[in-house]
Each structure stands twice: as structure tokens, then as C-alpha cells.
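Under the working numbering, the sequence shown has 218 at position 208, and the numbering climbs by one with no breaks.
Backbone N, C-alpha and C define an ideal beta-carbon position, used for all residues, glycine too.
None of the values given here were measured: they were computed from a predicted structure.
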Amino acid sequence: VRRAGDIARALSAAATHAREQVEERLAQVQAELDELAVTGERNEATIEQLTNELAERTSQRDAMTGQLADRTAELASVKTELAATQERLAQLEREILEARASAQAAEGRVEEIRASTERQLAQAQQELREARADAAQARGTTVDAEKRAVAAEARLEGSQKALEAMTQQLSQATAELQRLHPEATRAAAAEAANRGHMEQIQLLSQTVDMMRRLVPERPDTGKAEAGKGG
């Protein structure tokens, strides 16, 4: 009985010690669980924060990707416009060269017209002098005066036709210059360049009018015959 009591006390003491160890371990485990719970909450908060930051970064990345796509499209458009502008510039340069060549050719034609006008003017002045001489000689002989008057009228008519032809040529050359240089300043320059030619033509026209006034009138045939009969 005594031995049984010792065994019972020993078992009870062992059970108590084991219970204490288990309770201590449970307390330790509970503390670890509490610490892990706190750590888990912190980690969850960190994870949530990181998730939000990731979403924000993703949104920023998407926005930047869209902006990059827009800028890329704009760059392509600008390159296309630049290529078109360069092509247009090259075309304009070619047109300018062609216009300059055409303008030089037109200016050459104007110069030819001017030289021709000067020659016609000199010829008209010579014809004027001849007409004056013819008028002086015509006072003596009626028949000779009539012939010279007819010749002078023919020369006047030829000069008038030449004047009209030169005026038309000059108008065409001026119109071509204005077409080649549509700008107001270039047109004004062309007009100023041709003003001298127009003045020469006007002088030639005045000379022709003067010649007409100086040419003696053709005698009346009836009066001449009557004079002969008398």
C-alpha cells in the first residue's frame, strides 16, 4: 500500500510537471501565434500597400505607354509632313529655276521687241524727214505730190501695222512675265521694266500721228482735171 502511494505521488508529480511543461509550451506557442498574427497583419498591410503601389505604377505605365504611342504617331506624322515639305520645297526650287529660265527668255523677247521698237522708231523718224521733204517738193508738182502722198500713206500704214504688232507682242510678253511672276512685287518690277518700252511705243505712235499731219493731202482728181481743162 505504501509503495502504491509512492507510485501514485510520483505519477501525480510527473503529471503535474508534464502539465506545467505543456501549459508553458502552450503559452509560448500562443505568444508566438499572437506575434505571428501581428506580423501577418503588418504583412497584409504591407502587401495591400504594395498592391496599391503596383496598381498605381501599372496605371502610370499604361498612361506612359499610351503617351508613347501618341508621340510615336505624332513623330511619324511629322516625318511624313517633313518629307512632303521637302518634296514640295524641291518642286518649288525646280519651278523657280524653270520660271527664271522662262523669265529670262521672256526678258530676252522683250529686249528684242525693244530693239525692234527702236529700229522702227528710227525708221519712222527717217520716214518723217522724208515725208517733210516730200511735202516740200510736192508744192511744185501735183502729180508728183500725189505719188509721194500715196507712198507716204503706204509707209504710214506699214508703220502703223508694225506699231500694232509690236504693241501686241509687248503685251503678250508682259502678260507672260506677270504669269511667271505672280507676286505683286515681281509684277510691279516687270511693269516698271516694260514702262520704258511702252514710252518708246507711245513716242513712235506720236511720231506716226505727226507724220500723218505732215503728209500733204492727195489732190482732188476732179479739181485737177478741171484745172487742166481750163
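- Closest option to Gln178, judged by alpha-carbon separation, among His27, Asp80 and Arg124: Arg124.
- Given a length threshold of 3 residues, the segment 49–117 has no whole run of the beta strand (DSSP E) inside it.
- The C-beta separation of Arg165 from Glu137 comes to about 5 Å, placing the pair in contact by the 8 Å criterion.
- For Ala111 and Glu103, the gap between their C-alpha atoms comes out near 12 Å.
- Residue environment for Leu64: exposed (fewer than 16 other C-beta atoms within 10 angstroms of its C-beta).
- Ala100 and Leu92 have their C-alpha atoms spaced approximately 12 Å apart.
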